[in-house]
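Undergrad: Numbering (the working numbering), first residue to last: 232 to 547.
Glycine residues also receive a C-beta, built at the ideal position from the N, C-alpha and C atoms.
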Ligand SMILES: Cc1cc2nc3c(=O)[nH]c(=O)nc-3n(C[C@H](O)[C@H](O)[C@H](O)COP(=O)(O)OP(=O)(O)OC[C@H]3O[C@@H](n4cnc5c(N)ncnc54)[C@H](O)[C@@H]3O)c2cc1C
């Protein structure tokens, strides 16, 4: 049974990706003694990758898990407290404005809450997919494109993101196959024209991936392509699959306390992190349909902590 901890926290932060840890560092340094719920993926998405080459401050690059461990140490050093619990719901009392955050371990009261729970990239759900992430399967061309120079790669999807990723990847890859299950793209007309005019992009219409194949080091080396029209299959050599079939932001537990866009991203105030509920802030991928990078999530975490601090001053 879930028990009430009967503690009044000033600030609760939900999530320990770059957004949550950065918010925790800033809030702890502002003496807000934040309580941070880690959820099931301690350190967030970057713990599932190997080398991160684009986070400022590490000219030689840094391994994703190490970067996240460093952030957690920095937050803890300044006084952030961690609870290894999953948030189930948030509600707000109308009169006091206090939030009740119910987790897998109890119920906590807080004056302000920052949601930093990220967005999960969608994959195809094929066998062995989760083990392949970071070894030839990814959902981020900006992050991983530069690792695949002069080799064939493919992008899965047919929308604007898929086209953008395919065009970007032509800077590095020898060839970019654009795999789409229909016979035409969903992307805007201008984006379609640009993509289809790119000599390095080869669209593979009415196709889907049926299986991944790895070499003896466990790295992706080819895929089985299946026709969505007649089910015929063939093997295609690619060194990386870039998935571009959307992201699912994680914010169901906040119910109606936040507004979301059509894709489910939490809507925040322009240039800010406030949601429609006073005292409830959102930062990182969960509220960012556009950039979804570690540094942009960290930047938003900083802003959320400063916004929360200002909000808390108005309650004193
Ligand atoms: C394989 C891979 C490689 C990448 N490489 C790069 C790169 O090289 N450079 C780059 O800039 N970006 C990279 N990214 C993107 C980057 O990881 C994300 O943009 C960034 O992690 C988003 O940070 P975040 O804090 O918003 O959320 P996340 O990192 O997604 O963290 C979300 C956190 O919320 C927690 N959580 C979720 N639900 C709950 C709940 N109900 N209760 C409590 N906690 C919860 C999770 O446990 C997790 O700690 C990569 C992503 C992936 C998947």
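For ligand 1, any of its heavy atoms closer than 7 Å to the Cβ of residue 523?
TA: Yes - ligand 1 has a heavy atom lying nearer than 7 Å to the Cβ of residue 523.
Undergrad: Going by DSSP in three states, residue 232 sits in which element: helix, strand or coil?
TA: Note on residue 232: pLDDT 43, under 50, position unreliable in the model; no value is reported.
Undergrad: Once DSSP output is grouped into helix, strand and coil, what is the label at residue 490?
TA: If DSSP states are grouped into helix, strand and coil, residue 490 belongs with coil.
Undergrad: Using 10 angstroms around the beta-carbon of residue 522, count the other beta-carbons present and answer buried if the total reaches 16, otherwise exposed.
TA: Label assigned to residue 522: exposed.
Undergrad: Should residue 304 go down as buried or exposed, given a rule of 16 or more other Cβ atoms within 10 Å for buried?
TA: By the neighbour-count rule (16 or more Cβ atoms within 10 Å), residue 304 is not buried but exposed.
Undergrad: Are residue 610 and residue 444 touching if we call contact CB-CB under 8 Å?
TA: Residue 610 is absent from the structure shown; the chain starts at 232 and stops at 547.
Undergrad: For a quick check, are the C-beta atoms of residue 263 and residue 540 less than 8 Å apart?
TA: Yes; because the gap between Cβ atoms is below 8 Å, this pair is in contact.
Undergrad: For ligand 1, any of its heavy atoms closer than 7 Å to the Cβ of residue 248?
TA: It does: the Cβ of residue 248 is within 7 Å (strictly closer) of some heavy atom of ligand 1.
Undergrad: Could you tell me which residues DSSP pairs with residue 478 in its beta bridges?
TA: Beta-bridge pairing links residue 478 to 352.
Undergrad: Closer than 7 Å by C-beta to residue 499: which residues in its own chain qualify, once you throw out the five before and the five after it? Chain order, please.
TA: Closer than 7 Å at the Cβ level, and outside the excluded window around residue 499, lie 505, 506, 513, 518.
Undergrad: Can you find a heavy atom of ligand 1 that lies under 7 Å from the Cβ of residue 446?
TA: Checking every heavy atom of ligand 1 against the Cβ of residue 446, none is found closer than 7 Å.
Undergrad: Nearest-angstrom Cα distance between residue 378 and residue 331?
TA: Taking the straight line joining both Cα atoms gives about 44 Å.
Undergrad: Does DSSP put residue 378 in a helix, a strand or coil?
TA: If DSSP states are grouped into helix, strand and coil, residue 378 belongs with the helices.
Undergrad: Helix, strand or coil for residue 268, going by three-state DSSP, please let me know.
TA: Of the three classes helix, strand and coil, the one that applies to residue 268 here is strand, per DSSP.
Undergrad: By the DSSP assignment, the alpha helix (DSSP H) with residue 453 in it spans what residues?
TA: Residue 453 -> not in any alpha helix (DSSP H); beta strand (DSSP E) instead, spanning 451-458.
Undergrad: Using a Cβ-Cβ cut-off of 8 Å (strictly less than) and excluding sequence neighbours within five positions of residue 328, which residues of its own chain qualify?
TA: Cβ neighbours of residue 328 beyond the five flanking positions: 342, 509, 510, 546.
Undergrad: Check residue 326 in the structure and name its three-state DSSP category.
TA: In the structure shown, residue 326 sits in coil (DSSP, three-state: anything other than H, G, I, E or B).
Undergrad: For a test of your reading of the model: does the CB of residue 268 fall under 7 Å from any non-hydrogen atom of ligand 3? Yes or no.
TA: With respect to ligand 3, the structure offers nothing, as its ligand set consists of ligand 1.
Undergrad: Going by beta carbon distance, what residues of the same chain come within less than 8 Å of residue 374, once the five residues before and after it are set aside?
TA: Taken in chain order, the residues that qualify are 280, 283, 285, 524.
Undergrad: Please look up how many angstroms separate the CB atoms of residue 450 and residue 367, rounded, as I've assumed it's under 8 Å.
TA: Right, their Cβ atoms sit about 5 Å apart.
Undergrad: Have a look at residue 397 and residue 309 and give me their C-alpha separation to the nearest angstrom.
TA: Taking the straight line from one Cα to the other gives about 42 Å.
Undergrad: The alpha helix (DSSP H) that contains residue 425, what's its start and end?
TA: Residues 420-428.
Undergrad: Apply the 10 Å Cβ neighbour rule to residue 249 and answer buried if 16 or more other Cβ atoms are within range, or exposed otherwise.
TA: Counting Cβ neighbours within 10 Å, residue 249 comes out buried, since at least 16 surround it.
Undergrad: Count the other CB atoms, across all protein chains shown, that sit within 10 Å of the CB of residue 534; report buried if there are 16 or more and exposed otherwise.
TA: By the 10 Å Cβ count, residue 534 comes out buried.
Undergrad: Quick check: the segment 464-482 against the segment 312-329, are at least 3 beta-carbon pairs closer than 8 Å?
TA: Counting Cβ pairs under 8 Å, fewer than three are found: no touch.
Undergrad: What residues match up with residue 312 in a beta bridge as DSSP calls it?
TA: Note: residue 312 sits in a beta bridge opposite 266.
Undergrad: Cutting at 8 Å between CB atoms, please list the residues of its own chain near residue 419, excluding the five before and the five after it.
TA: The answer, listed in chain order, is 391.
Undergrad: Identify whether residue 522 lies in helix, strand or coil by the three-state DSSP scheme.
TA: In this structure, residue 522 counts as coil in the three-state DSSP scheme.
Undergrad: Report yes if the C-beta distance between residue 488 and residue 323 is below 8 Å; otherwise report no.
TA: The answer is yes: Cβ separation under 8 Å.
Undergrad: In angstroms, rounded to a whole number, what distance separates the CA positions of residue 268 and residue 321?
TA: Answer to the nearest angstrom: the Cα atoms are 13 Å apart.
Undergrad: Taking DSSP's pairing of strands, which residues face residue 339 in a bridge?
TA: BP columns for residue 339 point to 332.
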